[in-house]
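**Q**
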Amino acid sequence: MPAFQPVRGTHDLLPDEQRKHLHVIDTARQVARGYGYAEMSTPIFEFTEVFARSMGETSDVVSKEMYSFVDKGGENLTLRPEYTAGICRAFISNGLAQQAPFKVFAHGPMFRFERPQKGRQRQFHQIDVEVIGAPEPEADIEVVTLAADILERLGLLDKCVLEINSLGDLDSRLAYRRALVEYLEGHRAHLSEDSLKRLERNPLRILDSKDAGDREVIAGAPPMEAFYTAAARDFFAAVRAGLDASGVAYQLSPRLVRGLDYYTHTAFEFVTTHLGAQGTLIGGGRYDGLIEMLGGQPTAGIGWAGGIERLAMLAANLPPPVRPVALIPIGPAAEARALDLARALRREGLVIELGFRGNVGRRMKRANRLNAIAAVILGDDELAKGVVALRELDSGSQSELPIERLAEKLRTLA
RNA sequence: GCGGGCGUAGCUCAGUUGGUUAGAGCGCCAGAUUGUGAUUCUGGAUGUCGCCGGUUCAAAUCCGGUCGCUCGCCCCA
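The working numbering numbers the first residue of the first sequence as 512 and each following residue consecutively.
1) Taking only three categories from DSSP, how would you classify Met577?
2) Which residue or residues does DSSP assign as beta-bridge partners of Gln476?
3) By the three-class DSSP mapping on this structure, what secondary structure does Asn879 have?
4) Go ahead and label Gln628 buried or exposed: buried means 16 or more other beta carbons lie within 10 angstroms of its beta carbon, across all protein chains shown.
5) Between the alpha carbons of Met512 and Asp527, how many angstroms are there, rounded?
6) Reducing DSSP to helix, strand and coil, say where His701 ends up.
7) Check whether the segment 879-886 touches the segment 829-838, taking contact to mean three or more Cβ pairs, one atom from each stretch, closer than 8 Å.
8) Which first and last residues belong to the beta strand (DSSP E) in which Ile793 is found?
9) Can you look up Met512 in the DSSP assignment and give me helix, strand or coil?
10) Quick check: the Cα distance between His532 and Gly697, rounded to an integer number of angstroms?
11) Excluding sequence positions up to five away, which residues of its chain have a Cβ less than 7 Å from the Cβ of Phe738?
12) Would the segment 740-751 and the segment 801-808 be scored as touching if the rule is three or more Cβ pairs under 8 Å?
13) So, at 8 Å on beta carbons, what are the nonlocal neighbours of Ser910 in its own chain, with the 5 sequence-adjacent residues on each side left out?
14) Which residue's Cα is closest to the Cα of Asn676: Asp669, Ala918 and Gly795?
15) Using only the alpha-carbon positions, how far apart do Leu667 and Arg540 sit?
16) Quick one: any contact between the segment 639-655 and the segment 608-623, if contact means 3 or more CB pairs under 8 Å?
17) Run through DSSP, which three-state label would Arg857 get?
18) Do you know offhand how far Pro913's Cα is from Asp851's?
19) On a CA-only basis, which of Gly547, Ala816, Leu588 and Ala855 is nearest Ala563? Give me that one, please.
20) What would DSSP say about Phe738, mapped onto helix, strand or coil?
21) Distance, Cα to Cα, Asn879 vs Gly866?
22) Check whether the Cβ atoms of Val862 and Ala925 sit closer than 9 Å, and answer yes or no.
23) Would you call Val573 buried or exposed, if buried means 16 or more other Cβ atoms sit within 10 Å of its Cβ?
24) Can you tell me the Cα-Cα spacing of Ala658 and Gly597, whole angstroms?
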């Protein structure tokens, strides 16, 4: 029988990899807490409509990348491809409008049926931050600053660039879209095949194209900012002023657009050149129309998501794994005593590893492999004297000490 | 969905114009050391050469298909 492999685009998070993920999550959680964001989770699947309505039926994610299925009750469900829609759904279903501005941090697995690539898997993981019920530019500033602080703590801020843009409010956006389509229609002959398709579904994305021919056409396109309403222009100016005041460096990217339909006003990405083609570490923006699209009262919102795999690949400052203390009993009497001793030491907060089998040599070898800081050897001789032999594995020095002083001594080593 | 590269031991990889029993390093196991790791020395085990088919006297090697990985397009975190 052939051995099973993990499903394409999925990966096991073995302890080493899991440790990196936890480092990213813990760092983000701590920084978010400092900003007053509480942690929450939503279910991994939702009614398909939650995503279809919010992200837009024509977006690539909804139209061809969702893991959708009909459950045994006949419900149309989808494994979440992103976090924002689910959190907004939760905001509505739990009647959280009273708590606005509702500020949360979340993390978890996401699912998209895409061709796997470096930094792109079918099951991947995100950290996520949302602020719902805050129409003020201060929310944009806070959310972006929070992202920058997380990146800094991970040692990544100097490896990426913050690009920001404003898509304007709904009126600005519709007016600009009309003007852009009109301009692009006049240059059809010079557009790439991909962009011709985008012209129908999501013309703004053409601004983002990497194709050389497209870029020439785009260079002559009307600028988005010319279509901002006065309110949209003021809003964006306030956001930029706030980032300046916070000392967060950014680059204006007039052609930055995002792939999901719900974005308005501020759009931003922290982009790195260290990861190949999938260079967005954190991306997000404002989604003032989204809650309403999902059936709630008109409510402003802004947030972002960061790819944990991508962040983990680059993150520095990874704390080293905890070094255990190996407890090595010799003989039946000592083994019985060791069970009790191990529990007592763990209650003291120490990390105790009991090898389950083998002679002293084998257990010492295992202790070494686990990078144990010390081995505590407990045999009949020691038992009779009420002591243990303590061997510090880095130096190799060994000494005897009374068993009741062991916890205290081990704490000084760790 | 489209294009390029790659699949040999647990890991990283070598393997000549197709030619006998497929190799190295690391790791693993055992012994030197039956109450002491790491270091040193000695010995040992481990392969459906991704899979299926074809060419050939002969295939890890050439050809086709397939699955997987990987890089890019696309998309996005």
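Every residue, glycine too, gets a C-beta built ideally from N, C-alpha and C.
As the structure is a computational prediction, the values presented were derived from the model and not from experiment.
**A** In this structure, then:
1) Along the first sequence, read from residue 1 onward, the residue named residue 577 stands at position 66. Met577: coil per DSSP, three-state reduction.
2) The question about residue 476 has no answer, for the chain in this structure spans 512 to 925.
3) Stepping through the first sequence from its first residue, residue 879 is reached at position 368. Note: Asn879 maps to helix in three-state DSSP.
4) Along the first sequence, one-based indexing puts residue 628 at 117. By the 10 Å Cβ count, Gln628 comes out exposed.
5) As a position in the first sequence, residue 512 is number 1, starting the count at 1. As a position in the first sequence, residue 527 is number 16, starting the count at 1. In this prediction, Met512 scores a pLDDT of 41, lower than 50, which makes its location untrustworthy; no coordinate-derived value is stated.
6) Along the first sequence, read from residue 1 onward, the residue named residue 701 stands at position 190. Correct three-state label for His701: helix.
7) yes
8) Position 282 of the first sequence, counting from 1, holds the residue named residue 793. Start and end: Thr791 to Arg797.
9) Here residue 512 is taken as the residue at index 1 of the first sequence, counted from 1. Note that Met512 has pLDDT 41, beneath the 50 cutoff, so the model's placement of it is unreliable and the number below is only indicative. It is coil, neither helix nor strand.
10) In the first sequence, residue 532 corresponds to position 21, counting from 1. In the first sequence, residue 697 corresponds to position 186, counting from 1. Going from the Cα of His532 to the Cα of Gly697 covers about 48 Å.
11) Here the question's residue 738 lines up with position 227 in the first sequence. Answer for Phe738: Gly679, Ser683, Ala686, Tyr687 and Ala690, listed in chain order.
12) no
13) To locate residue 910, count along the first sequence from 1; it is residue 399. Excluding residues within five positions, the ones whose Cβ falls inside 8 Å are Ala900 and Leu901.
14) If you number the first sequence from 1, residue 676 lands on position 165. Ranking Asp669, Ala918 and Gly795 by Cα distance to Asn676 puts Gly795 first.
15) Looking up residue 667 in the first sequence gives position 156. Looking up residue 540 in the first sequence gives position 29. Whole-angstrom Cα-Cα distance: 16 Å.
16) yes
17) Residue mapping note: residue 857 aligns to position 346 of the first sequence, counting from 1. Arg857 falls in the helix class under three-state DSSP.
18) Along the first sequence, read from residue 1 onward, the residue named residue 913 stands at position 402. Along the first sequence, read from residue 1 onward, the residue named residue 851 stands at position 340. Each residue's alpha carbon lies about 16 Å from the other.
19) Your numbering for residue 563 matches position 52 in the first sequence. Nearest option by C-alpha distance: Leu588.
20) Counted from its first residue, the first sequence places residue 738 at position 227. Correct three-state label for Phe738: helix.
21) Numbered from 1 along the first sequence, position 368 holds the residue referred to as residue 879. Numbered from 1 along the first sequence, position 355 holds the residue referred to as residue 866. About 12 Å.
22) Taking the first sequence and counting its residues from 1, the one referred to as residue 862 is at position 351. Taking the first sequence and counting its residues from 1, the one referred to as residue 925 is at position 414. Yes, they are a contact pair.
23) Position 62 of the first sequence, counting from 1, holds the residue named residue 573. Burial call: buried.
24) The residue labelled residue 658 in the question sits at position 147 within the first sequence. The residue labelled residue 597 in the question sits at position 86 within the first sequence. About 20 Å.
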